[in-house]
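In this note's numbering, the protein residues as written are -8 to 178. A virtual CB, placed ideally from N, CA and C, is assigned to each residue, including glycine. These figures come from a predicted structure and were not determined experimentally.
What follows is the structure, given as structure tokens:
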């Protein structure tokens, strides 16, 4: 709280999900929150889903930023992790990409099975092509090849349920005066 106050920052909670357009969709609830997914997103055979769902409002990040009257010059880093809808979120960021010339992005990508496919291509290939066309330099890292993966999951939080299973990766992207940081977050 002290950092937020000292830097004159504000935090606002928005009860919406991000997507390529405004809509209402079912969010299928998994046995773990990391398994939750939109009904329209292709699934993955490993997570356990429940029979429960929520109706959620989805909107573009462009619309959300405009509604909140956020100054585009203050947007320096965007982290996108929304269980398979990351590419759709990027498609709803046209105004952000037009107005934010110096920007870092962290995008979860490369999930196994159908969840990591867009039109029969690996999602990270589609996302990297899209971002490269917008002037970003991109780097993809599969989490199993990251030193942070083993350290965080095996030593700190002991996520035994994910051991020896296919995992996702991250795309770290930048343009303008924003360069990749070795510690760039994915969570």
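Spell out the partners DSSP gives residue i in its beta bridges.
i	result
residue 87	None, per the DSSP bridge assignment.
residue 68	95
residue 16	47
residue 100	160
residue 128	165
residue 113	108
residue 28	19
residue 133	160
residue 8	49
Just to confirm before moving on: does the CB-CB distance between residue i and residue j stay below 8 Å?
i	j	result
residue 105	residue 33	yes
residue 98	residue 132	no
residue 87	residue 52	yes
residue 118	residue 162	yes
residue 11	residue 75	no
residue 61	residue 96	no
residue 55	residue 5	yes
Under 6 Å Cβ to Cβ from residue i, same chain only, skipping five residues before and after it: list those, please.
i	result
residue 126	166
residue 8	47 and 49
residue 164	96, 122, 127 and 129
residue 41	20
residue 25	none
Can you give the beta carbon distance from residue i to residue j, rounded, assuming they're within the 8 Å contact cut?
i	j	result
residue 44	residue 19	5 Å
residue 13	residue 50	5 Å
residue 100	residue 111	The Cβ separation is near 16 Å, so there is no contact.
Taking 8 Å as the limit between beta carbons, can you name the residues of its chain near residue i, skipping five residues before and five after?
i	result
residue 30	16, 17, 18, 19 and 44
residue 92	166 and 167
residue 27	18, 19, 20, 21 and 74
Please return the same chain residues whose Cβ sits closer than 7 Å to the Cβ of residue i, not counting the five positions on each side in sequence.
i	result
residue 35	102, 103, 104, 105 and 106
residue 90	63
residue 154	Annotation note: pLDDT 48 at residue 154 (below 50); position unreliable, no value reported.
residue 78	109, 114, 117 and 118
residue 39	21, 22 and 26
residue 186	Outside the shown range of the chain, which is -8 to 178, sits residue 186, and nothing can be said about it.
For residue i and chain B, any beta-carbon pair shorter than 8 Å?
i	result
residue 162	The chain labelled as chain B is not found in the depicted structure, where only one protein chain is given.
Going along the chain, which unbroken runs of the beta strand (DSSP E) with 3 or more residues stay wholly within the region 30 to 63? Qualifying beta strand (DSSP E) stretches, in chain order: 40 to 50.
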